[in-house]
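Novice:
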Amino acid sequence: MAHLVTGRMLDFIEFDDDYALVKTVAPDSITGVPLGESGVRSRHGVTVVGIKRPGEGFTHATAETVVAKGDVIIVTGKIQAVEAFAEIS
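Under my numbering, residues 14 to 102 are what the sequence shown spells out, in order.
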């Protein structure tokens, strides 16, 4: 099934009826602190699995990864959660 890519969402891959992987620009609300401290999983219901800084390639994200403004991230989770996450600024 096709999916409309909107907002900060750059790419969308649906793996199951209710599970997706999304490439998006990191929202300001998770920048400047390690992912483990950002509460991204508990507050938004998504997991950041990869990160790409401008001029660099993608790398795995860890709890210690600090996301910077302008980073592109890969997040996974239930479709409704990843869509909502991609719309926050």
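Beta carbons: idealized from backbone N, C-alpha and C, even for Gly.
Whose CA, out of V59, S55, V88 and G58, lies closest to the CA of F71?
Specialist: Along the sequence shown, read from residue 1 onward, the residue named residue 71 stands at position 58. Looking at the Cα atoms, V88 is the closest of the given residues.
Novice: What is the residue span of the beta strand (DSSP E) that G90 lies within?
Specialist: Within the sequence shown, residue 90 is the residue found at index 77, counting from 1. V85 to K91 is the extent of the beta strand (DSSP E) around G90.
Novice: Taking C-alpha atoms, which residue in G49, K91, V38 and P47 lies nearest to K82?
Specialist: Position 69 of the sequence shown holds residue 82. It is V38.
Novice: Give me the residue from D41, G49 and D24 with the minimum Cα distance to A33.
Specialist: Locating residue 33 in the sequence shown gives position 20, counting from the first residue. It is D24 whose Cα lies nearest to the Cα of A33.
Novice: Straight-line CA distance for T44 to D30?
Specialist: Residue 44 sits at position 31 when you count from the first residue of the sequence shown. Residue 30 sits at position 17 when you count from the first residue of the sequence shown. Straight-line Cα distance between these residues: approximately 30 angstroms.
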